[in-house]
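**Student:** Sequence order for the protein chains is Z and A.
Residue 25 in full-length UniProt numbering sits at position 25 of the first sequence; the count goes up by one each step and never skips.
Residue 93 in full-length UniProt numbering sits at position 93 of the second sequence; the count goes up by one each step and never skips.
Backbone N, C-alpha and C fix where the C-beta goes; we use that ideal spot for every residue, glycine too.
Protein chains: 2
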Amino acid sequence: MIQSVAIIGLGLLGGSIGLAIKANAPGIVTTGYDRDPETRAAAEKRGLVGTVCSNAGDAVAMADLVILCVPVGAMEAAARDIAGALSDHAIISDVGSSKQSVAEALAKALPGRTIIPAHPVAGTEQSGPEAGFASLFTNRWCILTPADDADPAALESLGEFWTRLGANVEIMDAEHHDLVLAVTSHIPHLIAFTIVGTASDLEEVTRSEVIKYSAGGFRDFTRIAASDPVMWRDVFLSNKSAVLEMLGRFSEDLTAMQRAIRSGDGDALHELFSRTRAIRRQVIQEGQDDDRPDFGRKDHS
Amino acid sequence: MIQSVAIIGLGLLGGSIGLAIKANAPGIVTTGYDRDPETRAAAEKRGLVGTVCSNAGDAVAMADLVILCVPVGAMEAAARDIAGALSDHAIISDVGSSKQSVAEALAKALPGRTIIPAHPVAGTEQSGPEAGFASLFTNRWCILTPADDADPAALESLGEFWTRLGANVEIMDAEHHDLVLAVTSHIPHLIAFTIVGTASDLEEVTRSEVIKYSAGGFRDFTRIAASDPVMWRDVFLSNKSAVLEMLGRFSEDLTAMQRAIRSGDGDALHELFSRTRAIRRQVIQEGQDDDRPDFGRKDHS
Chain Z
1 MIQSVAIIGL GLLGGSIGLA IKANAPGIVT TGYDRDPETR AAAEKRGLVG TVCSNAGDAV
61 AMADLVILCV PVGAMEAAAR DIAGALSDHA IISDVGSSKQ SVAEALAKAL PGRTIIPAHP
121 VAGTEQSGPE AGFASLFTNR WCILTPADDA DPAALESLGE FWTRLGANVE IMDAEHHDLV
181 LAVTSHIPHL IAFTIVGTAS DLEEVTRSEV IKYSAGGFRD FTRIAASDPV MWRDVFLSNK
241 SAVLEMLGRF SEDLTAMQRA IRSGDGDALH ELFSRTRAIR RQVIQEGQDD DRPDFGRKDH
301 S
Chain A
1 MIQSVAIIGL GLLGGSIGLA IKANAPGIVT TGYDRDPETR AAAEKRGLVG TVCSNAGDAV
61 AMADLVILCV PVGAMEAAAR DIAGALSDHA IISDVGSSKQ SVAEALAKAL PGRTIIPAHP
121 VAGTEQSGPE AGFASLFTNR WCILTPADDA DPAALESLGE FWTRLGANVE IMDAEHHDLV
181 LAVTSHIPHL IAFTIVGTAS DLEEVTRSEV IKYSAGGFRD FTRIAASDPV MWRDVFLSNK
241 SAVLEMLGRF SEDLTAMQRA IRSGDGDALH ELFSRTRAIR RQVIQEGQDD DRPDFGRKDH
301 S
């Protein structure tokens, strides 16, 4: 039973975990640390955790569960930073978007420790200590990727913890996780970053025109493309092979669409466009999105 | 001064125009027609226009302004259908997403008539007579693309009409419009349709996994990819050259990102990802999107 949680990194994810604990599991004691003093001050002010500590060791010393909420590329350093201060029974977890590389980094930095990597599939384009909110994980999936020899009791405790925060818990092999998320998250982000970059580099169309007429579809891409640059750089570098594989598939399909447009093959276009509507319906049915037009961007009657 | 408007095609756009007139310019008499009897019945029931007519000729006979709200590929046929019934002073306009091809189609079907093509840059992924709402055009841009020899008085009347519906009006050359919209709307849609198709075709990742973990970014693409298949097929076929040109630029940029990931060039990734955040800020500042995280998909404190 987890009674105290230390959160290392108090941005969108770390802050939301703190607030979700306060809202859903107020009996759990929370401590937190961020290496940025301004983030620590903001976290203190918003009450993201019970105690904001001025070093990572103090934050983790009494914790049953330590969650590393730092960019994937910073996991190993963050883990080394706490290695000497952890209590013997502590479970170490994280929220990183790629899991094979994190598992390796944590195993290297914390040999012999109880490590269970995790990935709550939830977020917004905002980042930093002001961005978190208590309901971020409600009805979202949290994927745990334990190693084959992971401690079953620790796995169960971590699953219970995420369930208390409102998430649905799934257990998956780290390699499969990285492939699934490459499709459902990493490639969509890469595409969004790229098209927003393409649009801003055009000479024939001004930046102002791109912004003004963004309601035609582009604005949805700008939202995703506003996500944290460091976090996403690390995701692509750490999940390289799955991302490149999926990117290859996407590029092939895009080339086929290009050919259909060039040759005027309306049937091929119509066939694809009809098929994709069905996917949308399933996303709504599964409760992973809002079915109001424009997600209620504008209230309308 | 426009006192009566006929709307041909009573789907999302046509229906929203009818409702926006009722809300913002109740003195204007509205008539409407749709070739689908079920759509006509639904339009009657929702009161999308004052009178739903059972043929297009009746609908346009008394109208000062006729707006064709049909897929771009159906414009010419819809225009031929009303050619004999138009009053002499009627202004003919439309809401199509590509403008050079529509201008040609209307000029061909309605020689000697007062034609001013238009494109309100607004919409949702919904379609049909149940999808429209009165505030769809509020603070959205409506682009008019008059020919060089267009009647200035008619242009002014049409601009005033769209302003009364809540839109901001811009005048643009049809060729430039088609290039701008290729970037801000057509390519984003093509990419979204394609990636949703790619994801649903994978063998290694199940459809159910794609849906479950869509909150990682993919769900935004499913929204756009749920847009009307016929409308979008026609857009790509009618704006072929601008779409292929912009698709080429995007593909080059995506290849550069692919290379950066393969070679582990984190700086190149970080540079692009930082630049795209600024674009998002401008979209929000210009009032073209909502700055709540996830557009208020979930209410949160």
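#1: Count Cβ pairs between the region 207 to 216 of chain Z and the region 115 to 125 of chain Z that sit closer than 8 Å; are there 3 or more?
#2: Could you list which residues in chain Z have their beta carbon closer than 8 Å to that of residue 232(A), in chain order?
#3: Can you tell me where the beta strand (DSSP E) with residue 168(A) in it begins and where it stops?
#4: Ignore the nearest five residues each way along the sequence and tell me which others in residue 256(Z)'s own chain have a CB closer than 8 Å to its CB.
#5: Grouping DSSP H, G and I as helix and E and B as strand, with all else coil, what is residue 300(Z)?
#6: What are the boundary residues of the beta strand (DSSP E) that includes residue 32(Z)?
#7: According to a CB-to-CB cut-off of less than 8 Å, which residues of the region 136 to 153 of chain A neighbour chain D?
#8: To the nearest angstrom, how far is it from the Cα of residue 49(A) to the Cα of residue 28(A)?
#9: State buried or exposed for residue 278(Z), treating a residue as buried only when at least 16 other CB atoms are found within 10 Å of its CB.
#10: Let me make sure I understand the geometry here. Which of 21(Z), 144(Z), 66(Z) has the alpha-carbon closest to that of residue 33(Z)?
#11: Could you tell me which chain A residues have their CB closer than 9 Å to the CB of residue 200(Z), listed as they occur along the chain?
#12: Pull the bridge partners of residue 151(A) from the DSSP assignment, please.
#13: Using a C-beta to C-beta distance shorter than 8 Å, which residues of chain Z count as neighbours of residue 188(A)?
#14: So which of 17(Z), 13(Z), 8(Z), 232(Z) has the shortest CA-CA distance to residue 161(Z)?
#15: Let me check understanding here. Comparing Cα to Cα, which of 260(Z), 218(Z), 222(Z) lies closest to residue 237(A)?
#16: Do the region 150 to 170 of chain A and the region 179 to 189 of chain Z touch if we need at least three Cβ pairs shorter than 8 Å?
#17: Identify the contact partners of residue 266(Z) in chain A, using a Cβ-Cβ distance below 7 Å as the criterion.
#18: Mapping the DSSP letters down to three states, classify residue 188(Z) as helix, strand or coil.
#19: Helix, strand or coil: which one does DSSP assign to residue 89(A)?
#20: Can you check whether the C-beta of residue 175(Z) is within less than 8 Å of a C-beta belonging to chain A?
#21: Tell me which residues share the same chain as residue 299(Z) and place their Cβ nearer than 7 Å to its Cβ, disregarding the 5 neighbours each side in the sequence.
#22: With DSSP as the reference, label residue 36(A) as helix, strand or coil.
#23: What's the C-alpha gap between residue 201(A) and residue 248(Z)?
#24: Output the distance between the C-alpha atoms of residue 301(Z) and residue 129(A), rounded to the nearest integer angstrom.
#25: Work out the CA separation of residue 167(A) and residue 106(Z) for me, nearest whole Å.
#26: Which two residues bound the contiguous alpha helix (DSSP H) that contains residue 238(A)?
#27: May I ask you to report which of helix, strand or coil DSSP gives residue 118(Z)?
#28: Is the beta carbon of residue 194(A) less than 8 Å from the beta carbon of residue 253(Z)?
#29: Assuming contact is defined by CB atoms lying nearer than 8 Å, are residue 94(A) and residue 117(A) in contact in what I supplied?
#30: Residues of chain A with a CB under 7 Å from the CB of residue 257(Z): which are they?
#31: What in chain A is Cβ-close to residue 122(Z), meaning under 7 Å?
#32: Which partner residues does residue 2(Z) have in the DSSP bridge list?
**Tutor:** If we stick to the structure as given:
#1: no
#2: 269, 273
#3: Run containing residue 168(A): 168 to 171, per the beta strand (DSSP E) assignment.
#4: 268
#5: Residue placement at residue 300(Z) is poorly supported in this model, since its pLDDT is 42, which falls under 50; the coordinates are not used for a value here.
#6: 29 to 33
#7: The chain inventory of the structure shown lacks chain D, comprising the protein chains Z and A.
#8: Cα to Cα, the separation comes out at about 10 Å.
#9: exposed
#10: Answer by Cα proximity: 66(Z).
#11: 275, 276, 278, 279
#12: Per DSSP, none; premise fails for residue 151(A).
#13: 195, 216, 217, 218, 220, 221
#14: 17(Z)
#15: 260(Z)
#16: no
#17: 233, 237
#18: Reduced to three states, the DSSP call for residue 188(Z) is helix.
#19: coil
#20: With its beta carbon at least 8 Å from every one in chain A, residue 175(Z) lies outside the interface.
#21: Reliability of the predicted coordinates at residue 299(Z) is poor, the pLDDT of 45 falling under 50, and the value obtained from them is presented with this limitation in mind. Result list for residue 299(Z): empty, nothing under 7 Å.
#22: In the structure shown, residue 36(A) adopts coil according to DSSP, grouped into three states.
#23: Looking at the two C-alpha atoms, the distance is approximately 13 Å.
#24: Caution is warranted here: a pLDDT of 35 is assigned to residue 301(Z), below 50, making its placement in the model unreliable, and no coordinate value can be reported.
#25: 54 Å
#26: Its alpha helix (DSSP H) spans residues 229 to 238.
#27: strand
#28: yes
#29: yes
#30: 190, 194
#31: 215
#32: Per DSSP, none; premise fails for residue 2(Z).
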